[in-house]
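Chemist:
Protein chains: 2
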Amino acid sequence: MHTTPHKTIDFWFDCASNYSYISIMRIEQLAKENQLSIRWQPFILGPIFQSFGWNNSPFVLQKQKGRYMWQDMIRECKKYGLPWQKPTVFPRHSVLAMRIAVLGRNEPWIGDYCRAVATANFVDDQDISSPALLDALLRELSLPSEQIMTDAISDENKQAFREQVVTAQSKQIFGAPTFFVGDEMFWGNDRLDDAIAYATRTNS
Amino acid sequence: MHTTPHKTIDFWFDCASNYSYISIMRIEQLAKENQLSIRWQPFILGPIFQSFGWNNSPFVLQKQKGRYMWQDMIRECKKYGLPWQKPTVFPRHSVLAMRIAVLGRNEPWIGDYCRAVATANFVDDQDISSPALLDALLRELSLPSEQIMTDAISDENKQAFREQVVTAQSKQIFGAPTFFVGDEMFWGNDRLDDAIAYATRTNS
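The listed protein sequences derive, respectively, from chains A and B.
Take 248 as the starting number for the first sequence in our numbering and just add one per residue.
Take 248 as the starting number for the second sequence in our numbering and just add one per residue.
1. Please identify, using Cβ separations under 7 Å, the residues of the region 327 to 359 of chain A that lie next to chain B, in order along the chain.
2. What is the residue span of the beta strand (DSSP E) that B:Q288 lies within?
3. Could you spell out the range, first to last residue, of the beta strand (DSSP E) harbouring A:V428?
4. Report yes or no: do the region 417 to 435 of chain B and the region 370 to 377 of chain B share at least 3 C-beta pairs separated by less than 8 Å?
5. I think A:W259 touches A:P424, with their Cβ atoms under 8 Å apart; what is that distance to the nearest whole Å?
6. Go ahead and pull the three-state DSSP assignment for A:D257.
7. Quickly, what does DSSP pair B:F433 with across the bridge? List them, please.
8. So with Cβ pairs under 8 Å, would you call B:Q282 a contact of chain A?
9. Under 8 Å between C-beta atoms, does B:F426 make it to chain A?
10. Assess, as a yes-or-no matter, whether the region 332 to 342 of chain B is touched by the region 382 to 390 of chain B under the definition of 3 or more beta carbon pairs within less than 8 Å.
11. Output yes if chain A places a C-beta closer than 8 Å to the C-beta of B:Q311; else output no.
12. In three-state terms, what does DSSP make of B:L388?
13. Counting beta carbon pairs with one atom in the region 409 to 416 of chain B and one in the region 287 to 296 of chain B, are three or more of them shorter than 8 Å?
14. How about B:F306 and B:Q332: do their beta carbons lie closer than 8 Å?
15. Interface residues of chain B around A:F299 at Cβ under 7 Å?
16. Comparing the C-beta of B:S451 with each C-beta of chain A, is any distance below 8 Å?
17. Can you tell me whether B:R346 is buried or exposed? The criterion is at least 16 other CB atoms within 10 Å of its CB, across all chains shown.
18. Flag this pair as yes or no: are the beta carbons of B:N404 and B:Y266 separated by less than 8 Å?
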C-alpha cells in the first residue's frame, strides 16, 4: 500500500455503462472540491454479468427496467446539467476502450480520456468499440495515440486488464459505477455524493 | 377520474420491501411540506418477480447485491434519521398486511398503519405475516381490528388486491417503492425527492 497525499476514493467504472457516464462526468470536479484523490479503476461489466448467468445487461434482459432507465437517464442528466442522447446501440463493447483506460489509469489524461469516450457513447452516439474512433479521441487530446493503442493491447496490459476484472469480482462488485472508500462500497451514481462525504470524514 | 384538492403522487409500495420501508416512513411528511396528496397504492412484489422468472427477491437471488443492500440500508436509515434493524427473515410474506392496506388505502389511518407494519418488519424484527401481529398493530392504532381483518379477506377486497397487482404490472412496475406523477414513473426511495419536486411543478 502506497501513501496518498490525501483521502482517496476508488472509482470502478465501465464506459459502456450509462450510469457510469454520469459519474465519469462528475467525479473529478467533486473530488477537487473535496480535496480527494481518485483511483480510477476501469473494468468491464460483461464477465460480472456472465458470472450471474446473464448474457447481457439487466437493462436489456429486463424490459421494464430498461424502459424505465432510458426515462431516468433523461431526468438524471438534466438534474446534473449533462448532455445526453440515447445511444442507438446499447450496451456497446468497451474492451479496447477500457484496456486503454487501464493503461492510462495513473496518467494525468485519464479523466479527459474517460469523459471523451463516455461522451462519444452517450452524447454523440458513436461506436466506442471502433479503434478508429478511439484513435481519433486520443489524438484530439494531443496524446501519442499510436503508442497508446500498441501498449493497450500488449500482453502485459491485457493481463493488467484481466486482473482488474478479477479484482472487481473479488470485491463483490455487481454493477457500475461502484465506489470504494477503504472497504466501504457505494453502488451507483446515486451514491457518489455519499461516497464523497464518507471519504472526507474517513482516513482512507 | 375524480378531482383532487391539490397535486397528487401515486405511491406503490410493499411492506415486505426494505426500500419501501424508508419511503413509507418519509412520504407523508414530505407530501405535507409540499402540499401534495398521496394516493397509497399497496401491492406485492412476488407476482411481479415471478413474471420475470424469479422465485424470490433479487436481493436473495443475487448474493452480491443482497450483501451490499444490507450495508446500504444501515447508511440510508442513518441518513434519513430512521431506526433500523436487519430482519432475521427476508422477505417476509406481506399478503395479509397488504390486503389490509388495500382496504384502508383511502382511510385516514393508512399512513399510521403502514408505518406500524414496516416498523414491525424492519425495526422490531416481527413476523408481519402473522394475523396476531397485524391484529395487535391495528388495536394499538385504536382501530376496529376484528372488522378490518374480516373485511380484508372478503372476496371483494381480495379482488381489489388482485387488481392492484394487475394494475402494477400494466404500469410496468418492476420494483418498490415506485412513484407516479401522472404517467411519469420514479423508481426507488432514491427518487422520492425527485418525484415530489416533479409533482410540485406539474398539474397532475
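Glycine is no exception: its CB is placed at the ideal position from the N, C-alpha and C atoms.
Modeler: Walking through what the data contain:
1. Flagged: no residues at all.
2. Looking at the DSSP string, the run of the beta strand (DSSP E) that includes B:Q288 is S284 to P289.
3. For A:V428, the enclosing beta strand (DSSP E) starts and ends at T425 to V428.
4. The region 417 to 435 of chain B is not in contact with the region 370 to 377 of chain B.
5. At roughly 6 Å, the Cβ-Cβ gap stays under 8 Å, so A:W259 and A:P424 are in contact.
6. Of the three classes helix, strand and coil, the one that applies to A:D257 here is strand, per DSSP.
7. For B:F433, which the question treats as bridged, DSSP gives the partners B:F426.
8. By this cut-off, B:Q282 is not an interface position.
9. No, no contact with chain A.
10. At 8 Å Cβ cutoff, the stretches do not touch.
11. Using beta-carbon distances, B:Q311 counts as an interface residue toward chain A, with a partner under 8 Å.
12. B:L388: coil per DSSP, three-state reduction.
13. With the rule of 3 Cβ pairs closer than 8 Å, the region 287 to 296 of chain B counts as touching the region 409 to 416 of chain B.
14. Against a cut-off of 8 Å, the Cβ pair of B:Q332 and B:F306 comes out as no contact.
15. Under the 7 Å cutoff, chain B gives Q309.
16. With a pLDDT of only 47 at B:S451, under the threshold of 50, the placement of this residue in the model should not be trusted; the figure read from the coordinates follows. The beta carbon of B:S451 sits no closer than 8 Å to any beta carbon of chain A.
17. Buried, by the Cβ-count rule.
18. Contact: no.
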